[in-house]
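Peer 1:
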Amino acid sequence: KSKVEARNGINPKTGQPIKIPTYMQPRFKAGIKLKEACNRNEKSKK
Numbered sequence: 139k140s141k142v143e144a145r146n147g148i149n150p151k152t153g154q155p156i157k158i159p160t161y162m163q164p165r166f167k168a169g170i171k172l173k174e175a176c177n178r179n180e181k182s183k184k
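For the sequence shown, the numbering used here gives the first residue as 139, with consecutive numbering after it.
(1) What first and last residue would you give for the beta strand (DSSP E) that runs through residue 155?
(2) Give the DSSP bridge partners of residue 141, in chain order.
(3) Give the straight-line distance between the Cα atoms of residue 147 and residue 156, rounded to the nearest whole angstrom.
(4) Can you name, in chain order, every residue of its own chain whose Cβ lies under 6 Å from the Cβ of residue 144, other than the five neighbours on each side?
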């Protein structure tokens with residue numbers, strides 16, 4: 139997980155400024171097996 143800091147934003151519908159609070163966001167990191175599988179598929183397509 140990574141922390142996304144609080145920031146100011148704009149409501150697109152009304153145009154009013156709003157405060158977006160700090161929140162935690164999940165992160166994905168591809169493992170070696172997934173990378174190998176993807177590369178194997180790319181080579182077979184050529």
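Just so it is clear, CB atoms sit at the ideal spot from N, CA and C, and this is done for glycine as well.
Peer 2: On the basis of the coordinates in this document:
(1) Taken as a continuous stretch (DSSP letters only), the beta strand (DSSP E) holding residue 155 covers 155-158.
(2) Within the DSSP secondary-structure output, residue 141 pairs in a beta bridge with 162.
(3) The alpha-carbon of residue 147 is positioned some 5 Å away from that of residue 156.
(4) So the list reads 159 and 160, once near-sequence residues are dropped.
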